[in-house]
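A short worksheet on the structure shown next.
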Amino acid sequence: MAIYTKEEARKILEKALSFSKADTCEINLSGYNSGNIRYARNTVSTSGFSSNQSLAVQSSFGKKSGTATIDEFDDASLEKVVRRAEELANLSPENPEFMEPLGPQMYDESISFSEATANITPEYRAEVASSSIIPADAKDVTAAGFLNDSAGFSAMINSKGLFAYNQSTDVDFTVTMRTNDGTGSGWVSRDFNDVTKFDADEAAKTAIDKAVLSREAKAIEPGKYTVILEPAASSDLLRNMFRSLDARSADEGRSFMSGKDGANKLGEKIVDERVNIWSDPLNPEVPTATWNGEGQPLKKTTWLENGAVKNLAYDRFWAKEKGVDPVPFPTNVIMAGGDASLEDLIKSTKKGILVTRLWYIRSVDPQTLLYTGLTRDGTFYIENGKIKYPVKNFRFNESPIIMLNNLETLGKQVRINGNLIPYMKVRDFTFTSLSDAV
Amino acid sequence: MKRRDFVQYAGLGAGALMMPSLLLGNDIPTEALLEPGMDVLIKKNMADVALNTAKSLGATYADARIGRYLNQYVFTREDKVQNVVNTESFGIGIRVIANGTWGFASTNSVTADGIKKATEQAVAIAKANSKIQKDPVKLAPVNAYGEVSWKTPIKKNFKEVPVSEKVDLLLTANAAALDNGADYVNSALFMVNEQKYFASTDGSYIDQDIHRLWPTFRVTAIDKAKGNFKTRENMSAPVGMGYEYMDGLESEKLEGPAGLRLYRNSYDMVEDATIAAKQAKEKLTAKSVDAGKYDLVLEPNHLGLTIHESVGHPLELDRVLGYEANYAGTSFASLDKLKSGNFQYGSDVVNLVADKTQVGSLGAVGYDDEGVKTKKWDLVRNGVLTNFQAIRDQVHMIDQNESHGCCYAQSWDDVQFQRMPNVSLEPGKEKYSISEMIKDVEKGIYIAGRGSYSIDQQRYNFQFGGTVFYEIKDGEIVGMLEDVAYQSNTQEFWNSCVKICDESDYRLFGTFFDGKGQPSQSSAVSHGSSTARFNDVNVINTGRTI
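Here it is in structure tokens:
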């Protein structure tokens with residue numbers, strides 16, 4: 187399938203819009219190509235390729251809306267899909283929270299597309315798998331990994347004169363290396379918009395080294411420990427915290443961000459003052475589109491500033507209800523870091539635990555943002571500035587809010603799952619039991 | 046149903062999903078759900094295009110799945126309808142073996158030309174990957190069934206029930222919750238119809254029509270002055286049934302302890318919402334649990350999730366062998382433990398069965414997604430591990446020569462692989478009710494409904510919450526508890542199972558979103574049991590002050 191250019195997309199969208207007889211009409215057009223390879227037991231298992239494109243029309247009469255979708259873009263098909271959306275709108279109940287489409291907007295030019303990623307071939311994917319499997323074999327280790335790449339475009343137009351277009355690419359890679367005696371396991375995750383930044387050999391080596399180093403872990407007592415969290419470990423807890431940034435849930439009294447007597451926590455200091463978190467679609471390390479599905483422009487937005495809640499996300503309806511400007515949800519998360527490398531953080535630790543990643547994280551109490559989960563794929567005991575030995579995995583019960591209040595040191599930032607997160611040293615992290623899992 | 050669809054339409058994506066998802070399926074008018082779709086003869090011809098193309102390019106095996114997935118979702122909150130969504134997704138997925146290696150490609154262009162191109166792509170991928178293949182694919186034999194069909198035995202087709210009736214039911218349930226003290230209530234109905242056509246070079250052409258339904262709600266009660274909130278979710282289960290599940294038949298209700306109502310094969314949503322609102326308010330002032338050891342009395346709609354995580358997943362052969370090592374993980378239940386013939390998975394009252402045929406369950410189909418007729422088999426008998434769950438390309442690795450028939454793909458554009466069948470705990474053989482079980486417990490907790498759940502990547506250490514908790518003292522329920530979670534180890538936990546209620550208490554738990562694989566796929570699965578007692582389990586207090 188072709189990734190349509192801006193002008194090709196505009197032509198199709200304008201044609202579709204010309205058929206509209208509704209009060210308002212909004213049309214989205216998008217498509218992607220996506221390929222992947224999976225391997226395990228040091229050999230390839232399954233892999234695939236998929237491709238799709240679609241055009242969605244939302245027509246509205248007053249507060250009644252209908253949506254219809256189609257994947258053929260000749261004139262007759264475009265007219266058919268517009269008529270179908272209008273028929274559906276006429277049959278729908280009124281939506282009291284209906285918001286009219288936005289008028290024309292100014293968007294920044296996004297930097298989320300890479301030609302090299304769009305041109306990945308099955309042969310390249312097989313080479314990436316090889317660059318895990320060959321060194322694993324040589325070290326008595328078994329590799330299981332996954333590479334997924336996609337290239338897509340997205341465009342929208344509406345009857346108020348708005349037009350938006352974006353292209354983006356992504357490549358995501360993870361590999362788990364397990365020692366053949368079954369006692370050690372290591373893992374890495376790498377993701378980029380631009381595949382030329384990806385070093386498959388380096389990633390494989392990091393995971394193999396961790397697997398070998400984590401062999402024959404010792405059991406130590408669960409309890410409260412100073413921990414060094416690699417960005418892969420802390421990012422999942424932080425991502426869960428971000429779900430509670432929604433202003434409406436906070437105002438309704440059913441979120442961590444709800445305050446007493448019907449207030450929300452906007453402006454309140456909730457974590458250590460060194461914590462600064464923002465989103466920025468134009469950050470060159472973690473670029474995203476510069477507009478969202480409603481056509482709202484996405485700009486750099488600060489969420490936590492010096493430990494205080496600077497912004498909550500207001501959708502357009504809730505913003506209107508509350509008489510404030512809408513604040514779109516972030517498409518990436520950037521947390522300010524420091525200069526310390528992982529080695530520096532280890533060196534400055536008298537007694538602590540190094541955590542590679544956390545796994546199977548689930549909410550235990552939404553009121554306090556308490557989460558449970560386990561460490562996985564490389565957990566090490568640190569004493570007097572050195573890694574002493576690998577330890578068995580722990581179950582934790584901890585809240586990211588408590589974690590960010592117990593901050594000791596911030597280290598360097600790393601890209602993980604499209605976000606920029608620093609290494610962190612945190613005191614009194616709560617481990618509640620031991621696991622035999624490797 | 047794909048989890049992404051659910052998140053998007055439930056509004057949980059909250060604007061974070063930039064690209065309008067193309068995998069959701071196309072939005073269609075309600076009446077279009079009743080359109081018959083592609084004629085079966087045309088599907089056979091289209092499938093043959095894939096199979097013949099694959100063979101002509103040197104594939105030694107090929108299968109084609111033409112899928113039409115029709116979904117209807119209705120979302121409400123309080124007195125408002127938030128969204129009514131009808132979707133249709135149609136396309137073909139082609140899987141081949143060339144040079145001993147799998148290849149897969151899919152397309153929504155179900156024309157001779159589109160199918161040829163996708164098949165060429167699948168073969169090209171297989172050939173590219175065969176250069177690093179060390180372990181050529183070996184398929185267990187399967188019967189050629191010829192042209193056959195299977196349908197979920199439903200009494201009321203959701204597609205024939207007017208949307209207004211569904212909306213009325215949800216809004217009535219919401220009103221009942223609000224009248225009984227709830228501050229907020231969200232409710233939804235998810236209805237799924239998978240029309241799947243499978244053909245393979247082994248000589249089967251299988252046409253299936255599968256229905257699933259899931260009513261759900263969340264009631265929230267708020268203490269504004271303190272800034273506290275509590276939620277209580279539904280006691281229904283997603284089911285492999287038609288809309289008749291929503292009839293609320295009295296004959297399918299069970300009286301639970303402490304005023305709870307429990308539901309077998311028919312659900313009374315309005316009654317459940319009424320009770321939920323009262324319980325959500327009660328939770329705001331319930332006693333916080335004292336951490337320690339308790340005997341747990343676990344209700345089927347709770348225990349189902351524990352079975353899912355601690356029995357269903359560890360006994361998947363692909364996990365045992367390491368195929369899922371990079372994502373879901375591996376398993377403590379190693380090949381050695383099976384081969385020993387004496388691995389005590391649980392106490393001798395514990396019998397766990399896998400079943401792809403159970404009527405009313407989410408996993409029930411006539412044939413799996415690689416054309417194997419489904420069946421029922423033992424996993425654990427009298428506490429001893431006896432088998433795993435395996436499909437055609439892996440079952441030879443446990444020296445068996447017949448697939449168990451549990452291969453599944455969430456859609457035509459995803460490759461099929463081993464997925465969990467319904468895994469259920471057999472009821473106790475002696476007559477024994479919930480009230481008798483509670484009478485026998487000195488210090489315990491009764492837990493009903495699903496809650497927080499987490500388990501490690503080899504399925505040893507787990508922690509579960511629940512929907513409602515009641516303290517048991519000297520054979521009596523003495524009051525509601527909060528902040529309860531139990532932590533245990535799979536083998537220790539199942540060996541602490543001392544008693545199981547009889548079959549009159551047997552019910553199915555279910556989930557639409559069992560996630561596994563890369564790219565991740567969702568699968569729907571049920572787990573049946575009667576209420577069961579587990580002695581001396583470690584309970585922690587999850588209350589925190591921030």
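Chains as they are written, first to last, in the working numbering: chain A, 187 to 624; chain B, 46 to 591.
In this text, a Cβ means the ideal position worked out from N, Cα and C, and glycines have one as well.
Let me know the secondary structure DSSP gives residue i once reduced to three states.
i      : result
B/Y118 : strand
B/L67  : Caution is warranted here: a pLDDT of 30 is assigned to B/L67, below 50, making its placement in the model unreliable, and the coordinate value is therefore given only provisionally. Note: B/L67 maps to coil in three-state DSSP.
B/S101 : helix
A/S621 : coil
A/D525 : coil
B/N346 : helix
A/I602 : strand
B/G159 : helix
B/K484 : helix
A/N366 : coil
A/T616 : strand
B/F388 : coil
A/K455 : strand
B/Q439 : coil
A/A329 : strand
A/E471 : coil
B/M236 : strand
A/I189 : coil
Taking the alpha-carbon positions, what's the residue i to residue j distance?
i      : j      : result
B/A303 : B/N586 : 22 Å
B/Q439 : B/N238 : 29 Å
B/V570 : B/L294 : 24 Å
A/D422 : B/L360 : 27 Å
B/L57  : A/R543 : Annotation note: pLDDT 36 at B/L57 (below 50); position unreliable, coordinate value reported separately. The straight-line gap from Cα to Cα measures roughly 25 Å.
A/G261 : A/K201 : Sequence check: residue 261 of chain A is Asp here, not Gly. Looking at the two C-alpha atoms, the distance is approximately 7 Å.
A/V314 : A/V243 : 40 Å
B/K179 : B/A173 : 13 Å
B/K323 : B/I139 : 52 Å
A/A208 : A/S246 : 6 Å
A/N276 : A/K250 : 7 Å
B/S175 : B/V141 : 12 Å
B/V468 : B/E487 : 31 Å
B/Q502 : A/W545 : 8 Å
When you compare the CB positions of residue i and residue j, do they come within less than 8 Å of one another, or not?
i      : j      : result
B/F538 : B/S355 : yes
B/K275 : B/A282 : no
A/A623 : B/Y505 : yes
B/G145 : B/P181 : yes
B/Y288 : B/K196 : no
B/T217 : B/V315 : yes
Closer than 8 Å, CB to CB, is residue i near chain D or not?
i      : result
B/N273 : The displayed structure is made up of protein chains A and B, and chain D is not among them.
Taking only beta carbons into account, state which residues of the segment 439-460 of chain B come closer than 9 Å to chain A, listed in chain order. Taking a C-beta cut-off of 9 Å against chain A, the contacting residues of the segment 439-460 of chain B are D458, D459 and V460, listed in chain order.
For the structure I just gave you, are there three or more beta carbon pairs, one from the segment 448-459 of chain B and one from the segment 544-551 of chain B, closer than 8 Å? Contact between the segment 448-459 of chain B and the segment 544-551 of chain B is absent, because fewer than three Cβ pairs lie under 8 Å.
Where the segment 569-601 of chain A meets chain B: residues whose CB sits under 8 Å from a CB there: Answer set for the segment 569-601 of chain A: N579, R581, N583, S585, I587 and I588.
Please determine if the segment 550-566 of chain A and the segment 589-598 of chain A are in contact, where contact requires at least 3 C-beta pairs separated by less than 8 Å. Counting Cβ pairs under 8 Å, fewer than three are found: no touch.
Which residues, in chain order, does the segment 216-233 of chain A contribute to contact with chain B at a C-beta distance below 9 Å? Within the segment 216-233 of chain A, the residues whose Cβ lies closer than 9 Å to some Cβ of chain B are S216, G217, Y218, S220, G221, N222, I223, R224, Y225, A226, R227, N228, T229, V230, S231, T232 and S233, listed in chain order.
Taking a cut of 9 Å between CB atoms, which residues from the segment 229-243 of chain B lie near chain A? Listed by position along the chain: Y229.
Relative to chain B, which residues along the segment 305-326 of chain A have a C-beta separation below 7 Å, given in chain order? Cβ contacts with chain B come from P308, E309, A312, A315, S316 and I319.
Give the residues from the segment 503-524 of chain A that approach chain B closer than 7 Å (Cβ to any Cβ), ordered along the chain. Under the 7 Å Cβ criterion, the segment 503-524 of chain A contributes P514, F515 and T517.
To be precise: take each residue of the segment 150-162 of chain B, compare its Cβ to all Cβ atoms of chain A, and keep it if any distance is under 9 Å. Which residues remain? Against chain A - using a Cβ distance shorter than 9 Å - the residues of the segment 150-162 of chain B are A150, S151, T152, N153 and S154.
Any chance the segment 220-239 of chain B sits against the segment 110-119 of chain B, with 3 or more Cβ pairs inside 8 Å? The segment 220-239 of chain B vs the segment 110-119 of chain B: in contact.
Residues within the segment 436-460 of chain A neighbouring chain B, beta-carbon criterion of under 7 Å: Those residues of the segment 436-460 of chain A that come within reach of chain B (Cβ to Cβ, closer than 7 Å) are E438, G439, R440, S444, G445, K446, D447 and G448.
Along the segment 500-532 of chain B, where does the CB come closer than 7 Å to a CB of chain A? Name the residues. Here the close residues are I500, D501, Q502, Q503, Y505, N506, Q508, G510, A530 and Q532.
Can you list, in chain order, the residues of the segment 342-371 of chain B whose Cβ is nearer than 8 Å to any Cβ on chain A? The segment 342-371 of chain B vs chain A, Cβ under 8 Å: L366, G367, Y368, E369, A370 and N371.
The segment 547-567 of chain B: positions lying closer than 9 Å to chain A by Cβ: The segment 547-567 of chain B vs chain A, Cβ under 9 Å: G562, Q563 and P564.
Cβ-based contacts, 9 Å cut-off: residues of the segment 174-195 of chain B near chain A: For the segment 174-195 of chain B, the set of positions with a beta-carbon nearer than 9 Å to some beta-carbon of chain A reads N174, S175, K176, I177, Q178, K179 and D180 in chain order.
Can you find at least 3 beta carbon pairs, one from the segment 603-610 of chain A and one from the segment 572-583 of chain A, that sit closer than 8 Å? Output reads no: the segment 572-583 of chain A does not touch the segment 603-610 of chain A.
Is it true that the segment 372-392 of chain A meets the segment 397-412 of chain B, where meeting means three or more beta-carbon pairs spaced less than 8 Å apart? Here the segment 372-392 of chain A does not lie against the segment 397-412 of chain B, with fewer than 3 beta-carbon pairs under 8 Å apart.
Could you tell me whether the segment 251-264 of chain B touches the segment 221-236 of chain B, where touching means 3 or more Cβ pairs closer than 8 Å? The segment 251-264 of chain B vs the segment 221-236 of chain B: in contact.
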